[in-house]
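Protein chains in written order, with the numbering used here: chain A, 297 to 548; chain B, 17 to 110.
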Amino acid sequence: MNDQQALYQYLLLLGDSPMILGHRLSELCGHGPSLETDIALTNISLDLFGQVRNYFQYAAKVQAEGKSEDDIAFLRLAHEHRNVLLTEQPNTDFAHVIGRQMFFDTFHQLLLEALRDSKDEQIAAIAHKSLKEVKYHTRFSSEWVKRLGDGTAESHRRMQDALDHLWPYAGELVQESPLEKQMKQQGIGADLEQIRPLYWERVNAILREATLEVPENSWFQAGGKKGIHTEHLGYILSDLQYMQRAYPNMSW
Amino acid sequence: MKKQWPLWEIFIRSKNGLEHRHVGSLHAADAKMAMENARDVYTRRQEGVSIWVVPSKHITASNPDESGELFEPSMDKAYRHPTFYDLPDELKHM
């Protein structure tokens, strides 16, 4: 991969996880457990989509094939997506939603803090702008994990179930892919080796405070960053891409 | 166990220098959650720079049946209103 192609792929990697997670959260619009949490999750979804637009507008420019952010968002096949598998996990219940969010937000904040120092000015600017939003996401989701874990017997049981299900997907975020290594060496990408210990430290602190039992398993599912996904992604894309596939080139 | 979280009244200051105004109410388990919910429900269109949350049960309201004796006596006392002098244009939010 030449530098331009690598940068384009790295922008997809940065944008795809928030896009798929944003879509998962958008599925909850009007279905949240309460009016207040419904609005909060929808706000987070919109924040993520705003950030994705920034990455994809830039990616379209880097690609220089006359394509738009919409082409990138709506016309790629499943194996061309580089989102982590965590973001594809379904909205089984509120504990799953909030657990998935806590893992992603904790990582996302560390990632953006690192990307502020990217040699690529555009990426640094996007990271700087997104960080305020993501700090709030982290606060929201980690508080909820603590509330549910350290709540009633029922909420504790369900939060623990969600944690046990999500745990195998929690490690991929901080596993360095060859693409991320290449971008790190160019001073453009974040250094996941530096982020990794901080990520686990923060996650463990939240889980401890939530009185949850941290699973012992340290083998993690991976593949998303190179385009190998769970069965969920196909369904997500058929929903997400429906309009552009059914009515090519349609716009609002 | 109660099914609903307790009710909170939300007050937002729209700009520094102005007072907090009542904007509505919401449900939350405690003050911290009420604050986060208020942020999400009532300030998503840049409505505020400061939030107060107060448990609704701590509000003591006047009784509508007593509004006669409470409010009507002031109706015919126009001399209590500051309407007999002009305010300078620069003075806003009076």
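A virtual CB, placed ideally from N, CA and C, is assigned to each residue, including glycine. As the structure is a computational prediction, the values presented were derived from the model and not from experiment.
332, 335, 336 and 339: these are the residues of the stretch 331-344 of chain A whose beta carbon lies less than 7 Å from some beta carbon of chain B, given in chain order.
Contact of residue 56 (chain B) with chain A is assigned, a C-beta pair being separated by under 7 Å. The straight-line gap separating the alpha-carbon atoms of residue 481 (chain A) and residue 491 (chain A) is approximately 15 Å. For residue 393 (chain A), the enclosing alpha helix (DSSP H) has its first and last residue at 390-411. Among the residues of the stretch 28-53 of chain B, those with a Cβ less than 8 Å away from any Cβ of chain A are 42, 43, 44, 45, 48, 49, 52 and 53, in the order of the chain. Under the criterion of beta carbons closer than 8 Å, residue 520 (chain A) and residue 381 (chain A) qualify as touching, at roughly 5 Å.
With a contact defined as Cβ atoms closer than 8 Å, residue 36 (chain B) and residue 66 (chain B) qualify at about 7 Å. For the stretch 419-437 of chain A, the residues whose beta carbon sits under 9 Å from a beta carbon of chain B are, in order, 432, 435 and 436. Note on geometry: alpha-carbon atoms of residue 441 (chain A) and residue 525 (chain A) lie some 26 Å from one another. DSSP, reduced to helix, strand and coil, places residue 514 (chain A) outside both helices and strands of the structure shown, so it counts as coil. Three or more beta-carbon pairs separated by less than 8 Å link the stretch 301-318 of chain A to the stretch 337-349 of chain A, which places the two stretches in contact. Taking a beta-carbon distance threshold of 7 Å, residue 60 (chain B) counts as an interface residue toward chain A. When the beta-carbon positions are compared, residue 40 (chain B) and residue 28 (chain B) stay at least 7 Å from each other. Between the C-alpha atoms of residue 33 (chain B) and residue 452 (chain A) there is a straight-line separation of about 44 Å. The Cβ-Cβ distance between residue 537 (chain A) and residue 465 (chain A) does not fall below 7 Å. Counting along the chain, the unbroken beta strand (DSSP E) around residue 69 (chain B) starts and ends at 66-71.
Residues of the same chain with a CB within less than 7 Å of the CB of residue 416 (chain A), apart from the 5 flanking positions on each side, are 484 in chain order. When the beta-carbon positions are compared, residue 43 (chain B) and residue 23 (chain B) come within less than 7 Å of each other. Distance from the CA of residue 51 (chain B) to the CA of residue 318 (chain A), rounded to the nearest whole angstrom, comes to 24 Å. Between the stretch 447-461 of chain A and the stretch 392-403 of chain A there are three or more C-beta pairs closer than 8 Å, enough to call the two in contact. By the neighbour-count criterion, in which 16 or more other beta carbons inside 10 Å mark a residue as buried, residue 53 (chain B) falls on the buried side. With a contact defined as Cβ atoms closer than 8 Å, residue 429 (chain A) and residue 57 (chain B) miss out at about 17 Å.
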